[in-house]
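Novice:
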Amino acid sequence: MKPPFKSLAELDRMIHDPSRLAILTALSSCRSADFLYLQRLTGLSKGNLSSHLAKLEDAGLVSIEKGYVAKTPMTTLSLTKEGRSGIERHWKRLDQLRASALQWQPEG
Amino acid sequence: MTMNYEVERIRRVTSNYFFWQGLRWVPIGVVVMALGLRRTNWSPIADAWEDLLLLCLIVLVTVLSPLIGVYYRRSFGDVRDDPDAHQRREMMKWLLVYPLMILSLVIDIKFRPAFFVTGPVWCSGILAYWLSTGRGRPHYLIASMSMLGLSALQWFGFVERGKQMFSVFALVLGAIYIIGGLLDHRELCRILRPVNRS
Numbered sequence: 011m012k013p014p015f016k017s018l019a020e021l022d023r024m025i026h027d028p029s030r031l032a033i034l035t036a037l038s039s040c041r042s043a044d045f046l047y048l049q050r051l052t053g054l055s056k057g058n059l060s061s062h063l064a065k066l067e068d069a070g071l072v073s074i075e076k077g078y079v080a081k082t083p084m085t086t087l088s089l090t091k092e093g094r095s096g097i098e099r100h101w102k103r104l105d106q107l108r109a110s111a112l113q114w115q116p117e118g
Numbered sequence: 262m263t264m265n266y267e268v269e270r271i272r273r274v275t276s277n278y279f280f281w282q283g284l285r286w287v288p289i290g291v292v293v294m295a296l297g298l299r300r301t302n303w304s305p306i307a308d309a310w311e312d313l314l315l316l317c318l319i320v321l322v323t324v325l326s327p328l329i330g331v332y333y334r335r336s337f338g339d340v341r342d343d344p345d346a347h348q349r350r351e352m353m354k355w356l357l358v359y360p361l362m363i364l365s366l367v368i369d370i371k372f373r374p375a376f377f378v379t380g381p382v383w384c385s386g387i388l389a390y391w392l393s394t395g396r397g398r399p400h401y402l403i404a405s406m407s408m409l410g411l412s413a414l415q416w417f418g419f420v421e422r423g424k425q426m427f428s429v430f431a432l433v434l435g436a437i438y439i440i441g442g443l444l445d446h447r448e449l450c451r452i453l454r455p456v457n458r459s
């Protein structure tokens, strides 16, 4: 069995970044959320959030829809099928790592 | 704060966003309190004006409710629920919790038992609401206990059965809506931090 810290290095960095993990976790708890909600939830600046979302969109994890509500521009974000299974898998992996880290004893 | 706590909070708030929009409940609380004061000695308004005031308040709530929704969408953002995520809650609510809450009121109105049945039933209802809408707001525990307190008040003879008890019940319930709603709103403001929109 590998020590838990070695398995940590194998985590998907696209998902494991704290801001992106928060975004994906929030989106996994709903059908969709808008840009403002995610901005308030994560506390990220507009530019930072846009950059993280662009990365997630490029990775095929998030889908971005731009539209208008009462003449106000609105950006709606949702997880793609891959995004949903990816974040679920990631949390499962983190839970397993946490459990094995608690049991792990250094050799010797 | 641990990572687990933060993650749980993100999940709970996002999946129960509507229920954490506390200002939605405040106008309802005002109407319930007005209903409780109606035809009592505590009412500051003449009987003749009470029904008109109640009607005005109901109209006001109907108008205010969508406006409050717009306020939350513009200030805090919008979240669309996953309809499959809350199927169990919705089923329990409509098939078990609401019917029991109504039944308890009917029993207390029709049979006027010495023990105020509505108290423990509504206490459980509030606890079920708290558990199924993301927990995290301790004021709902106090609110549910206050419902039990109502049963104690009647049991020990501090409040008469029937009309007086229902007035007290409506006043307490209205206060729960108002205070609980304001505290929910404060909690939401803490979690969804203000942002620089420029």
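For the record, the sequence lines run as chains Y and P. Be aware that the first sequence starts at 11, since it is given in the numbering used here, and climbs by one per residue. Be aware that the second sequence starts at 262, since it is given in the numbering used here, and climbs by one per residue. For each residue, glycine too, the CB sits at the ideal point set by N, CA and C.
Can you give me the Cβ contacts of residue 332 of chain P inside the same chain, cut-off strictly under 8 Å, excluding the 5 residues immediately before and after it?
Specialist: Locating residue 332 of chain P in the second sequence gives position 71, where the first residue counts as 1. Excluding sequence neighbours, residue 332 of chain P sits near 284.
Novice: What separation, rounded to the nearest whole angstrom, lies between the Cα atoms of residue 99 of chain Y and residue 352 of chain P?
Specialist: The sequence position of residue 99 of chain Y within the first sequence is 89, counting from 1. The sequence position of residue 352 of chain P within the second sequence is 91, counting from 1. The straight-line gap from Cα to Cα measures roughly 29 Å.
Novice: Once the 5 residues before and after residue 86 of chain Y are set aside, which same chain residues still bring their CB inside 6 Å of it?
Specialist: As a working mapping, residue 86 of chain Y is identified with position 76 in the first sequence. Same-chain partners within the cutoff: 42, 44, 75.
Novice: Take residue 318 of chain P and list the residues in its own chain whose beta-carbon comes closer than 7 Å to its own, dropping the five residues that flank it on each side.
Specialist: Counting from 1 along the second sequence, the entry for residue 318 of chain P is found at position 57. Exclusion of the five residues before and after residue 318 of chain P leaves 291, 292, 295 as the residues of its chain whose Cβ lies within less than 7 Å of its Cβ.
Novice: What are the partner residues of residue 77 of chain Y, as DSSP defines its beta bridges?
Specialist: Numbered from 1 along the first sequence, position 67 holds the residue referred to as residue 77 of chain Y. Residue 77 of chain Y is bridged to Y:84.
Novice: Return the CA-CA distance between residue 364 of chain P and residue 389 of chain P, expressed in angstroms with no decimal places.
Specialist: Working through the second sequence from its first residue, we reach residue 364 of chain P at position 103. Working through the second sequence from its first residue, we reach residue 389 of chain P at position 128. Approximately 17 Å between the Cα atoms of the pair.
Novice: What residues match up with residue 341 of chain P in a beta bridge as DSSP calls it?
Specialist: Against the second sequence, residue 341 of chain P aligns to sequence position 80. Looking at the DSSP assignment, residue 341 of chain P forms a beta bridge with Y:42.
Novice: Go ahead and label residue 383 of chain P buried or exposed: buried means 16 or more other beta carbons lie within 10 angstroms of its beta carbon, across all protein chains shown.
Specialist: Residue numbering aside, residue 383 of chain P sits at position 122 when the second sequence is read from its first letter. It counts as buried.
Novice: With a CB to CB cut of under 7 Å and the five nearest residues on each side skipped, what residues in its chain are close to residue 386 of chain P?
Specialist: As a first step, residue 386 of chain P is located in the second sequence; it is residue number 125 there, counting from the start. So the qualifying residues of the chain are 358, 362.
Novice: Return no unless some Cβ of chain P is closer than 7 Å to the Cβ of residue 44 of chain Y.
Specialist: The residue given as residue 44 of chain Y occupies position 34 in the first sequence. Yes, residue 44 of chain Y lies at the interface with chain P (some Cβ there is under 7 Å from its Cβ).
Novice: Looking only at its own chain, which residues have a Cβ that is under 6 Å from the Cβ of residue 68 of chain Y, when we skip the five neighbours before and after it?
Specialist: Within the first sequence, the letter at position 58 stands for residue 68 of chain Y. Within the same chain, residue 68 of chain Y has no close Cβ partners at all.
Novice: Starting from residue 271 of chain P, find everything on chain Y with Cβ-Cβ shorter than 8 Å and list it in chain order.
Specialist: The count along the second sequence starts at 1 and reaches residue 271 of chain P at position 10. Chain Y residues near residue 271 of chain P: 32, 35, 36, 39, 51.
Novice: According to DSSP, residue 322 of chain P sits in a beta bridge with which residue or residues?
Specialist: Along the second sequence, read from residue 1 onward, the residue named residue 322 of chain P stands at position 61. Beta-bridge pairing links residue 322 of chain P to no other residue.
Novice: Could you confirm whether any beta carbon from chain P is found closer than 7 Å to the beta carbon of residue 47 of chain Y?
Specialist: Along the first sequence, read from residue 1 onward, the residue named residue 47 of chain Y stands at position 37. Yes, residue 47 of chain Y lies at the interface with chain P (some Cβ there is under 7 Å from its Cβ).
Novice: Under a CB-based cut-off of 7 Å, is residue 343 of chain P close to chain Y?
Specialist: Here residue 343 of chain P refers to the residue found at position 82 of the second sequence. Yes, residue 343 of chain P lies at the interface with chain Y (some Cβ there is under 7 Å from its Cβ).
Novice: DSSP three-state label for residue 89 of chain Y, please.
Specialist: On the first sequence, position 79 is the one that residue 89 of chain Y refers to. Residue 89 of chain Y: strand per DSSP, three-state reduction.
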